[in-house]
Amino acid sequence: MTAYNILLLTNRDSDNVGDQLIEATVMSLISAAMANIGVRPRDFKINSRAAGIISKKYMSTGDEALLADARDAIIKADLIIFGGAPLFNYSYQNFYLRTIRTLELAQEYGVPVIFSSIGVEPYSDSNPKSQRLKQALHLPVVRQITTRDDIEAVEQYLAGTQVPRSLVSDPAVFTEQVFDGVVSPRKETPSAGGKKTIGLVVTRAGIFADNGIDFPEAKQREFWLDVIAQLEARGDDYRLFTGHFTDEVFLDSLVRDHGIPTKKVKFAVNSPEEMLKQLNDCDGVIAYRLHASIAAFSYKIPAIGLSWNFKVPYFYDTMGYGQRALPAEKWNAATVLAALDIAMEEGVVHNDEFTFSVYETLFNGIKSVFVPQSKAKVFTIEQLRADIPRYKGTTYAQYTEKMHRKLRRTYESYQKIARKAAAQPAPAVKKDASASSVKPQASEGAVANLAGAPKDATSALAVRLASVEKRLVAAELRNASLEKRQATFELRQENTDRSIRKLKNILPIRLWHKLRGHK
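Residue numbers for the sequence shown follow my numbering, so the first one is 245 and each next one is one higher.
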């Protein structure tokens, strides 16, 4: 029987591979901490769920019946750990609302809660969203909060309480150790002749406006094209990639519109291993996405972070490389490449004391909940690096789940655009003075401008949308059939393995080897 049940909440359902990286590393750190306090693997279970365990539908309707799954998971838990996600965000995301409701349920059932290395937006005395979150964080079940960025905000949220709080490293600083055996070790030196490969990690077009930065899509295009041109001029190579669904939309258009060779691009990075493989082929990295920078740091790959959000400079500052996080006014190819050249010359040295902080605080938090009287001492960082449980790799079923989720979101985005276009008024018409016929006047960017579009654009879009929805249903049916066949295959394989083990146990050893083809 499992002695301890840990409910881990991360952004595991995100299309952002950085969030998947967090889930994998946090699970390994929790497992290491449980071993550190003397709990055997068979005596605990980590139930890894999405931080959105409180569903969108519940948030929009308030229907308590929609909380049944969340209640079931929480009531079965001995400890809830929020791991690594930006769970306090309220400025243009609604993570904070789900976090509040989860805390209320944890309080209802008396389940202690730890926040480990989470992202925190600035605290506000005047913002009602921030104040609602503060009230929830004062609930007695909150036992510890550590953040990877804004510790001052955490102090303000917890003012008047005795809840332990700390500034710690991101769990993904242990990427190299956790993914050892799944991802091949990176090359240590540039290729012959000193030619370097530089990883270029793009981001979605709208992320800058969301964060109050005047940097439209055209400027991001211009920036990357200038970087590529300068790298080619000096004889270096490059790889374009990212790890997020919406980023890939920008990446695809960048490649299509500007003739970038597809061999220089990695499309559809859908698992941590795929992103790490891209990073490991690089001698240096220029990245908008934070966890490309953090994973690069783990592998000691010099990187320049482009600071579109406060969390990017926070990470570089805490790691001792604040000069490698560049604000928007420095986003030009010459400045960024000059900074990268200096970084590649200096290399990367890990600050072991701060790197260790995410584990040490997690160990202390778990110990205080499960075995507060224990005299167990925290592992050293050398012990942790050697013994931290390794990630076993993304399974076929997990990869299929990621792709299914990603495609559904793609279809959803397409349908929203199509419905919005279909809802627009019919195109205006005007009489031709020289003839009695009328011609449709196309509106700029309208879907009706597609070649061969009929005069009644709304009707045509409705027909197309119905066709897309029909294909979507067919695709879902095919996917369900594939999943059923996969489950059947796995069950047959399991039965076969069980039969073989049983046969081995009852047959004489010589006969067994003869059946297996051994001499």
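Backbone N, C-alpha and C define an ideal beta-carbon position, used for all residues, glycine too.
Item: Distance CB(Asp454)-CB(Arg483) smaller than 8 Å; Value: no
Item: With 16 other Cβ atoms within 10 Å as the buried cut-off, status of Ser618; Value: exposed
Item: Continuous alpha helix (DSSP H) assignments of at least 4 residues falling wholly in the segment 352-431; Value: 372-381, 395-401 and 419-422
Item: Cys557 versus Gln668: straight-line alpha-carbon distance, rounded; Value: Correcting the residue type first, residue 557 is Pro in the shown sequence and not Cys. Rounded to the nearest angstrom, the two C-alpha atoms are 43 Å apart.
Item: Three-state secondary structure (DSSP) of Lys289; Value: strand
Item: Integer-rounded CB distance, given that Val471 should sit under 8 Å from Ile530; Value: 7 Å
Item: Beta-bridge partners of Tyr482, as assigned by DSSP; Value: Ile442
Item: Cβ-Cβ distance between Ile545 and Leu523 below 8 Å; Value: yes
Item: Ile472 in three-state terms, based on DSSP; Value: helix
Item: Three-state secondary structure (DSSP) of Gly306; Value: coil
Item: Local Cβ density within 10 Å of Ala477, reported as buried at 16 or more and exposed below that; Value: exposed
Item: CB of Ala583 within 8 Å of CB of Arg568, strictly; Value: yes
Item: Simplified DSSP state of Ala547, which is helix, strand or coil; Value: strand
Item: Tyr532 vs Trp552 beta-carbon contact at 8 Å; Value: yes
Item: Coarse secondary structure for Ile632, derived from DSSP in three states; Value: coil
Item: Leu251: first and last residue of the uninterrupted beta strand (DSSP E) it sits in; Value: Tyr248 to Thr254
Item: Own chain partners of Ala321 with C-beta closer than 6 Å, once the 5 adjacent residues on each side are dropped; Value: Asn249, Leu251 and Val355
Item: Exposure of Thr343, with buried meaning 16 or more beta-carbon neighbours within 10 Å; Value: buried
Item: Distance, Glu308 Cα to Ile297 Cα; Value: 13 Å
Item: Assigned secondary structure, Gly503 (DSSP; H/G/I helix, E/B strand, else coil); Value: coil
Item: Alpha-carbon spacing of Gly473 relative to Glu466, whole angstroms; Value: The sequence as given places Ala at residue 473; Gly does not occur at that position. Between Ala473 and Glu466, the C-alpha separation is close to 10 Å.
Item: Candidates Gln464, Asp458 and Gly438, of which the one nearest Asp481 by Cα; Value: Gly438
Item: Thr254 beta carbon near the ligand MN (any heavy atom closer than 7 Å); Value: As far as ligands go, the structure on display features none, and thus does not contain the ligand MN.
Item: Beta-carbon separation (whole angstroms), Pro415 vs Gly363, contact threshold 8 Å; Value: 12 Å between Cβ atoms; not a contact.
Item: Neighbour-count burial assignment, Asp369, 16 or more Cβ in a 10 Å radius; Value: exposed
Item: For Ala531, the three-state DSSP class (helix, strand or coil); Value: strand
Item: Helix, strand or coil at Ala512 [DSSP, three-state]; Value: coil
Item: Through-space distance from Tyr655 to Arg663, alpha-carbon basis; Value: 12 Å
Item: Selection from Lys521, Ala578 and Val445 that minimises the alpha carbon distance to Gly637; Value: Lys521
Item: Cutoff 6 Å; reference Val426; Cβ partners in own chain excluding five residues on either side; Value: Glu517, Tyr635 and Gly637
Item: Secondary structure of Leu570, DSSP reduced to three states; Value: strand
Item: Boundaries (first-last residue) of the beta strand (DSSP E) holding Ile324; Value: Leu323 to Gly327
Item: Status (buried if at least 16 other CB within 10 Å, exposed otherwise) for His502; Value: exposed
Item: Opposing strand residues paired with Ala449 [DSSP bridges]; Value: Note: Ala449 sits in no beta bridge, so no partner.
Item: C-beta contact flag for Ile395 and Val357 at 8 Å; Value: no
Item: Beta carbon of Phe418 nearer than 8 Å to that of Ser542; Value: yes
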